[in-house]
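Using UniProt numbering, you'd call the opening residue of the sequence shown number 1 and step up by one each time.
Presented below is the structure to which this report refers.
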Amino acid sequence: MREKRCKNGRIERVSSAQQWRVLRALLDGSAISADPILWKAETLDPGESLTIWYEPHHVLLPELADMKDGVHIAH
1 MREKRCKNGR IERVSSAQQW RVLRALLDGS AISADPILWK AETLDPGESL TIWYEPHHVL
61 LPELADMKDG VHIAH
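The structure is reproduced here in structure tokens:
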């Protein structure tokens, strides 16, 4: 159980860091790597990697684009 809590905490931390990284790049007008931000010697399994990559690029960015265009669709 403890291992599962740690794993969930890790993916939440990495997801949050990745979202802020994407937002900062948008505000700066710069390009970023799609690689997730990990601590030294930290790894993600394939499912976690997909979640971390998918969320900012296919959920967060389209929502921001809709908000920019004045259209906000609640999910």
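Ideal Cβ positions, reconstructed from N, Cα and C, are used throughout, including at glycine.
Note that this is a predicted model, so its numbers are computed, not measured.
Cα-Cα, which of P62, S30 and D45 is closest to V14?
-> Considering only alpha carbons, the answer is D45.
Within 7 Å, strictly: CB atoms of Q19 and L60 | Cβ distance < 7 Å, so Q19 and L60 count as in contact.
Residue from L27, G47, G9 and I11 with nearest C-alpha to A65 = Comparing alpha carbon positions, the residue from L27, G47, G9 and I11 closest to A65 is L27.
Distance, S16 Cα to T43 Cα = Distance from the CA atom of T43 to the CA atom of S16, rounded to whole angstroms, is 16 Å.
For A41, does the three-state DSSP call read helix, strand or coil?
-> Note: A41 maps to coil in three-state DSSP.
Between the CA atoms of H58 and L50 - distance to the nearest angstrom = Those two C-alpha atoms are separated by around 11 Å.
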